[in-house]
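Working notes, structure below.
There are 4 protein chains.
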Amino acid sequence: MRRGQGEEGARTGRPRDGRVDASILAATREVLAETGYVRLTVDAVAARAGVGKAAIYRRHATKQEMVFAATVHTMALEAPADTGSFVTDLAALIDDILATLGNPVALVTVPGLLADVIADADLTARFRGTFMERQRDLVEEVLDRAVGRGELDERPELDLVHAMLVGPVFAWLFMMGRRDGDVFARELASRLAVALTGGGSGFPS
Amino acid sequence: MRRGQGEEGARTGRPRDGRVDASILAATREVLAETGYVRLTVDAVAARAGVGKAAIYRRHATKQEMVFAATVHTMALEAPADTGSFVTDLAALIDDILATLGNPVALVTVPGLLADVIADADLTARFRGTFMERQRDLVEEVLDRAVGRGELDERPELDLVHAMLVGPVFAWLFMMGRRDGDVFARELASRLAVALTGGGSGFPS
Amino acid sequence: MRRGQGEEGARTGRPRDGRVDASILAATREVLAETGYVRLTVDAVAARAGVGKAAIYRRHATKQEMVFAATVHTMALEAPADTGSFVTDLAALIDDILATLGNPVALVTVPGLLADVIADADLTARFRGTFMERQRDLVEEVLDRAVGRGELDERPELDLVHAMLVGPVFAWLFMMGRRDGDVFARELASRLAVALTGGGSGFPS
Amino acid sequence: MRRGQGEEGARTGRPRDGRVDASILAATREVLAETGYVRLTVDAVAARAGVGKAAIYRRHATKQEMVFAATVHTMALEAPADTGSFVTDLAALIDDILATLGNPVALVTVPGLLADVIADADLTARFRGTFMERQRDLVEEVLDRAVGRGELDERPELDLVHAMLVGPVFAWLFMMGRRDGDVFARELASRLAVALTGGGSGFPS
DNA sequence: GTTTAAGCGAGACGGTACGTCCTGTCTTAAC
DNA sequence: GTTAAGACAGGACGTACCGTCTCGCTTAAAC
């Protein structure tokens, strides 16, 4: 019987060893860093973690879920501090997204994992309900602040803005293969601020 | 010898049968449409095409290259007609990209293929040298026209604009899973026109 | 690790399932009986045995070794009872060899398997070290008995006698394609007794 | 259309090139000598012969027939001269058979070819009708001479004697893997003479 | 303290796809 | 119509990975 991690039941018997959970996730990230998502195998993760495959499948229904747990769940973006202006708020958010998708493990994981997530309805729901939802909330927060400051008249369509933020970062990293993100992030934030406020500023000079 | 289409040599012997090339690519697209990229198998393509596996591997070194040839090579965007204004040019280009990435076959192919392309240096080079390069040229064309019309003072960084065009479309389709592209495309074009011209216009009302 | 039956090590983990060993060998014999050695495929054996191909290749490095294990290893001749005279001992031994090489499975297996065994140094060594060696021991036993009885003055060269026993049976079955072995076996025994004792008897009348 | 080598037809057009026939058979023997029957491929023979595969298949229906033609047809035993006594006639015949089966090409060809011949009814008929029949005739000749000389009272069953001659040679070479044939041949002839004459002689001392 | 139930590492299991290789047929251009 | 070259359909090979299951053992809570 498979048992989700948070459920009840399993009242007797030997409890799960928390160190096993941790070493599986750590090994997953190590193997990802070494071989990339496409070439990662569960056996390699088990061997690296010093763990049996059963211990992995007791915790994660599929390889995809394992990688999902090892990467997406740690991609929790923190709420960006209020930097005082829309454009700098945007820049901070973009930096966050760039850090999330552009770190060495994510670089070799995100496209493959995304493909498998999309091919699985269950994972898609979880992906959208956690990672995307969280990101969307941050976008909303930043937009609401700008409205509050009077920088925006009204909040634009959330998904559109979301796509305009995360999409270019993804394209920059995975379609163009560029690794020089800093200038890009700054410039993107500036352009998006213009796009959304309908003209004017950009970064304060 | 592998993949000899463009090479010289092989001057004698039975020439490749062009109908085999075509039926492999057609079968690939059919199987993709039915099963998606992740569940496509070479045997299924061979059976569907009425072809031996050797005929496939004589043309395509791996399954990935086969799918690449069957999809990316047919994604050749046509040069967008001059619609008279920057914003409508942008809208036309976005519509093109949306049609390329959002048609039924692409929807079940692009994420998986992209993942495998990125994991393979050779395919990455070909992907960038053909599909991305072509797209980039179109972006350049549209920007140059706008400069010529006086709508832009100078041409912004090409890759940045490219990422701001294709990225949101990708995110909309594959991260958010949305299939209602028309309004999105119109709105995106409008916002990007603002972002790049530094304010003002948007669609003519 | 390949073929670990007799080796130490591999002390942990799930042990090999003896029923799988048995069903592979049984299925091999069934498929042999139906299709013959040349047309036997590993997939057919796996399907018939209800077993994955990996389970087969975990036990047998090649198709040849699998068939070898399924046939030669079961061809263990039993030690012939002392029948009281050289000629009847010989007849019994020849009957045994005839039964070993002439049963329905062996008839469609032996020539092809022998060819592949000879083409593989490893299998040749195993074939000689088990099947041939065992047979040779029986020949020796029968000869020694005859010496003990005074029917032979001294033991003739063992390999020569061995070849004169098994060779004609092989030729009869596989070169001449004859299936009427009983009279042949009796006559052969009689002639060989004469050849080895240097004249005289033959079967008691 | 396939066309047996000896048939008429093919009245017009370019005549077959006799050098092609010869080079195919020569190449077959060369490749056999190098790789053995089991690992011989038709492509290798074609390449070695500097010939297209079609030229081979126009002459030989299958790989087996090609090897058959290249080897068995050249194994034509010559009629043994009358050496004056049964035992020396037998020795000469055995030497012939040993030379036929024990030469370098035959050593790596006979078992595999025999296996394929047996698996094919057509080839079996040809094999028996030519090679075996011819051999059998020689056995008959030698026996008849012995009867004529008064060394034998009556001619024993031909197939039995045939099996007792060729079988041990085959076993010696291919089952026991022995390559020291001379003493073996002499001893075998002597023993068989005893077996068939019912005692007595053997080689004249 | 014993019992019990589940966890554990190891690795065998059924299944499926891969990419390679070989056979016997077919197709081209050259002769 | 034959030739050399080589593409063709078909099908088996042996490898690799997935997710499940089984072995003997360990570990903590329940009794």
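Residue numbers (full-length UniProt numbering), protein chains in the order written: chain A, 1 to 205; chain B, 1 to 205; chain C, 1 to 205; chain D, 1 to 205. Ideal Cβ positions, reconstructed from N, Cα and C, are used throughout, including at glycine.
query: C-beta atoms of A:Val67 and A:Leu113 nearer than 8 Å; result: yes
query: Among C:Leu152, C:Phe174, C:Ile118, the one whose alpha carbon lies nearest that of C:Leu192; result: C:Leu152
query: For D:Val147 and D:Ala33, believed in contact at Cβ under 8 Å, the rounded distance; result: So it is not a contact: roughly 41 Å between Cβ atoms.
query: Any chain B beta carbon closer than 8 Å to A:Gly36; result: yes
query: At least 3 beta-carbon pairs within less than 8 Å: the segment 183–198 of chain D vs the segment 120–134 of chain D; result: no
query: Residue burial classification, B:Leu59 (beta-carbon count within 10 angstroms, cutoff 16); result: First, the amino acid is wrong: residue 59 of chain B is Arg here, not Leu. It counts as buried.
query: Alpha-carbon to alpha-carbon, A:Ala22 and A:Arg3; result: Reliability of the predicted coordinates at A:Arg3 is poor, the pLDDT of 41 falling under 50, and the value obtained from them is presented with this limitation in mind. A:Arg3 and A:Ala22: Cα-Cα distance of roughly 17 Å.
query: Segment limits, alpha helix (DSSP H) that includes D:Gly112; result: 110–118
query: Secondary structure of B:His60, DSSP reduced to three states; result: coil
query: Closest by C-alpha distance to C:Phe170, when choosing among C:Arg155, C:Asp95, C:Ala195; result: C:Asp95
query: C-beta atoms of B:Leu173 and B:Arg134 nearer than 8 Å; result: no
query: Span of the alpha helix (DSSP H) around B:Ala185; result: 181–197
query: Of the residues D:Gly150, D:Arg178, D:Arg29, D:Ala44, the one placed nearest D:Met75, counting alpha carbons only; result: D:Arg29
query: Span separating the alpha-carbon of D:Met132 from that of D:Ala99; result: 15 Å
query: Within chain C, the residues that D:Glu140 reaches when beta carbons sit closer than 8 Å; result: Those do not exist, as D:Glu140 stays about 14 Å from chain C at its closest Cβ, beyond 8 Å.
query: Minimum C-alpha distance to C:Ala185 - residue among C:Val38, C:Tyr37, C:Arg149, C:Leu90; result: C:Leu90
query: Beta-carbon spacing of A:Leu93, A:Leu165 below 8 Å; result: yes
query: Nonlocal neighbours in the same chain, by C-beta distance under 7 Å from C:Pro15, ignoring five residues either side; result: none
query: Residues in the segment 171–184 of chain A having any Cβ partner in chain B nearer than 8 Å; result: Ala171, Trp172, Phe174, Met175, Met176, Gly177, Arg178, Phe184
query: Continuous alpha helix (DSSP H) stretch holding A:Ala146: start and end; result: 133–149
query: Helix, strand or coil at C:Arg178 according to DSSP, with G and I counted as helix; result: coil
query: 7 Å Cβ shell around B:Thr109 - same chain, five flanking residues per side excluded; result: Leu32, Tyr37, Val67, Thr71
query: D:Leu158 versus B:Val20 - alpha carbon distance; result: 59 Å
query: Backbone CA spacing between D:Asp116 and D:Gln64 [nearest angstrom]; result: 7 Å
query: Whether C:Ile56 touches C:Ala46 by CB criterion (8 Å); result: yes
query: C:Arg59 at chain D interface by Cβ criterion, 8 Å; result: no
query: Cβ-based burial, A:Thr41 [other Cβ within 10 Å; buried from 16]; result: exposed
query: Within 8 Å of chain D by C-beta, residues of the segment 60–72 of chain C in sequence order; result: none
query: Chain B within 8 Å of A:Val42, Cβ atoms only; result: no
query: Pair within 8 Å by beta-carbon distance, B:Pro156 and B:Leu107; result: no
query: Contact set between the segment 114–137 of chain A and chain B, restricted to residues whose Cβ is under 8 Å from the partner; result: Leu114, Ala115, Asp116, Ile118, Ala119, Thr124, Arg128, Met132
query: Presumed contact (8 Å Cβ cut-off) between A:Arg48 and A:Ala27, rounded CB distance; result: 4 Å
query: Chain D contact for C:Glu151 (CB, 8 Å cutoff); result: no
query: Endpoints, the alpha helix (DSSP H) within which B:Tyr37 is located; result: 18–39
query: DSSP three-state assignment for D:Pro80, whether helix, strand or coil; result: coil
query: Length of the line joining the Cα atoms of D:Gly181 and D:Thr35; result: 23 Å
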